[in-house]
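Worksheet: one structure, shown below.
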Amino acid sequence: MRTVRLAGKGIVQVIEAAEPAPGAGEVVIETAISAICGSELHAYHGDGLPQGNNGHEAVGTVARLGEGVTGLAIGQRVGVSAIAGCGNCVYCAKGQYTWCSGRKFYGNMHAERFLAAANACHSLPDGISWEAGVLLTGDGLGVPYHTSKKIAAPENRTVAVFGVGPIGLGNVLVQAHLGRRLIAVDIVASRLETAKRLGAAYAVNASEADPVEQVRALTRGEGADVCIEAAGRPETALACFAAVRTGGTVVFNGEQGAISLSPSDHFIRRDITAIGAWFYHFSEFGPMLELYRNGLRITDLITHHYPIGEAASAYETFSARRSAKTIIDYH
Ligand SMILES: [Zn+2]
Ligand SMILES: [Zn+2]
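Residues in the sequence shown are numbered from 199 upward in steps of one, following the working numbering.
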């Protein structure tokens with residue numbers, strides 16, 4: 199079978215690989231589509247990955263069952279959470295796999311068939327398209343949805359999203375759907391246009407104007423109630439603290455290393471709350487599905503499709519920030 203291999207330094211290969219064999223509690227999925235996540239760009243630009251494939255957002259049909267798997271049938275349509283819990287702890291009992299200390303990450307999904315944990319498969323109802331399914335079960339919508347639960351307070355009326363790649367755009371979509379006033383900040387004009395199409399009231403191009411001044415100008419000088427860092431960059435993180443109102447909330451969605459923050463200046467004297475939000479809880483699939491059925495236009499996040507044979511073009515377009523959510527097709 200064919201699998202994608204991120205070889206590093208911008209090289210993407212499609213190679214033949216051995217068929218995956220399911221262990222106890224695992225299944226093999228025949229892939230319909232997979233989605234590229236911004237977090238893969240480190241491996242794409244850098245030294246690649248040992249196994250070459252970090253795909254962690256995919257949907258398909260169950261093709262093989264490992265030992266002891268019940269509740270799933272061959273041919274069943276599923277979306278998969280790449281993070282699978284141990285199944286035995288208090289967090290797993292509540293579907294909070296990301297909090298489980300025994301969790302496993304299944305990053306092997308940009309392939310014609312892939313391995314998944316049976317307890318991390320969501321059955322996809324018949325009316326749900328593959329495109330909707332991959333967003334509802336991957337982190338493309340999962341992170342914005344999980345974030346929305348943490349900033350649900352009604353006083354959070356204006357939300358500024360710094361960086362409108364796929365995760366930032368998902369935040370724009372979800373927050374606008376919830377009735378909030380959205381300010382999208384980025385340096386790529388086409389992404390800002392997409393943000394407006396998804397519900398942003400304002401688009402700020404940070405390559406043309408100081409984004410902190412712009413956010414303050416749009417909020418009577420006070421700053422946004424919530425600033426979401428979705429670019430994974432130190433300067434954007436600092437801009438979020440500068441653009442949030444006193445008593446407001448900064449959310450970290452973008453992965454990055456250490457940055458320099460002062461407890462006094464950034465937190466204490468302005469009463470700032472900073473929170474992290476990673477992936478989504480397995481148990482949040484139901485509520486996300488309900489939001490989708492109530493009109494959340496999640497498939498608008500997808501702008502590009504590529505067959506697996508053109509995976510290199512998919513990564514090239516995505517890394518050049520010319521696409522939003524980017525899909526690889528296997529049939
Ligand atoms: Zn991801
Ligand atoms: Zn567990």
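Glycine included, each C-beta is placed from N, C-alpha and C at the ideal position.
Quick caveat: nothing in here was measured; it's all calculated off a predicted structure.
May I ask you to verify whether the region 238–246 touches the region 279–288, counting CB pairs closer than 8 angstroms and requiring at least 3?
-> no
Same chain only: Cβ atoms within 8 angstroms of Glu-310, ignoring 5 sequence neighbours per side = Here residue 310 is taken as the residue at index 112 of the sequence shown, counted from 1. Within the same chain, Glu-310 has close Cβ partners Met-199, Arg-200, Thr-201, Glu-228, Thr-229, Ile-506 and Tyr-528.
Three-state secondary structure assigned by DSSP to Val-402 = Position 204 of the sequence shown holds residue 402. Val-402: strand per DSSP, three-state reduction.
Report yes if the C-beta of Tyr-289 is less than 7 angstroms from at least one heavy atom of ligand 2; otherwise report no.
-> Numbered from its first residue, the sequence shown carries residue 289 at position 91. Tyr-289: yes, Cβ under 7 angstroms from ligand 2.
CB of Ile-470 within 8 angstroms of CB of Val-442, strictly = Here the question's residue 470 lines up with position 272 in the sequence shown. Here the question's residue 442 lines up with position 244 in the sequence shown. For Ile-470 and Val-442, yes; Cβs fall inside 8 angstroms.
When you compare only the Cα positions, how much space is there between Gly-273 and Asn-317?
-> Position 75 of the sequence shown, counted from the first residue, corresponds to residue 273. Position 119 of the sequence shown, counted from the first residue, corresponds to residue 317. Spanning the two alpha carbons is a distance of roughly 17 angstroms.
Could you tell me which residues DSSP puts in a beta bridge with Tyr-504?
-> Mapped onto the sequence shown, residue 504 falls at position 306. DSSP lists Ile-526 as partners of Tyr-504.
Any heavy atom of ligand 1 closer than 7 angstroms to the Cβ of His-254?
-> Walking along the sequence shown from the start, residue 254 turns up at place 56. At least one heavy atom of ligand 1 is nearer than 7 angstroms to the Cβ of His-254, so yes.
In the DSSP assignment, find the beta strand (DSSP E) that holds Gly-474 and state where it starts and stops.
-> The count along the sequence shown starts at 1 and reaches residue 474 at position 276. 471–474 is the span of the beta strand (DSSP E), which, as asked, contains Gly-474.
Give a single yes or no on whether Asn-286 has its beta carbon closer than 7 angstroms to a heavy atom of ligand 2.
-> On the sequence shown, residue 286 is found 88 positions in, with the first residue counted as 1. Result yes, Cβ under 7 angstroms from ligand 2.
Please list the segments of the alpha helix (DSSP H) lying wholly inside the region 354–395, counting only runs of 4 or more residues, in order along the chain.
-> 364–375 and 387–395
From Gly-340 to Leu-334, what distance separates their C-alpha atoms?
-> Here residue 340 is taken as the residue at index 142 of the sequence shown, counted from 1. Here residue 334 is taken as the residue at index 136 of the sequence shown, counted from 1. Distance between the alpha carbons of Gly-340 and Leu-334 is about 7 angstroms.
Proximity to Ala-261 [Cα-Cα], best of Val-226, Val-288, Glu-255 and Gly-285 | Here residue 261 refers to the residue found at position 63 when the sequence shown is read from its first residue. Residue Val-226 is the option with its Cα nearest to Ala-261.
At a cut-off of 7 angstroms, is Cys-319 close to ligand 2 when judged by its beta-carbon and the heavy atoms of the ligand?
-> Taking the first residue of the sequence shown as 1, we reach residue 319 at position 121. Not under cutoff, so the answer is no.
Say yes only if the C-beta of Ser-521 is nearer than 7 angstroms to one or more non-hydrogen atoms of ligand 1, and no if none qualify.
-> In the sequence shown, counting from the first residue as 1, residue 521 sits at position 323. Not under cutoff, so the answer is no.
Verify the contact flag: Cys-438, CB atom, against every heavy atom of ligand 2, threshold strictly below 7 angstroms.
-> If you number the sequence shown from 1, residue 438 lands on position 240. Checking every heavy atom of ligand 2 against the Cβ of Cys-438, none is found closer than 7 angstroms.
State the Cα-Cα distance for the pair Val-357 and Tyr-343, rounded to the nearest angstrom.
-> Translated into positions along the sequence shown, residue 357 becomes position 159. Translated into positions along the sequence shown, residue 343 becomes position 145. Approximately 14 angstroms, taken between the alpha carbons.
Could you have a look at Ala-261 and say whether DSSP puts it in helix, strand or coil?
-> Residue numbering aside, residue 261 sits at position 63 when the sequence shown is read from its first letter. It is a strand residue.
From which residue to which residue does the alpha helix (DSSP H) around Phe-465 run?
-> Counting from one through the sequence shown, the residue named residue 465 turns up at place 267. No alpha helix (DSSP H) contains Phe-465, which DSSP labels as neither H nor E.
Could you have a look at Lys-207 and say whether DSSP puts it in helix, strand or coil?
-> Against the sequence shown, residue 207 aligns to sequence position 9. The answer is coil: DSSP assigns Lys-207 none of H, G, I, E or B.
Specify whether the region 401–412 and the region 502–519 touch according to this definition: at least 3 beta carbon pairs, one from each stretch, less than 8 angstroms apart.
-> no
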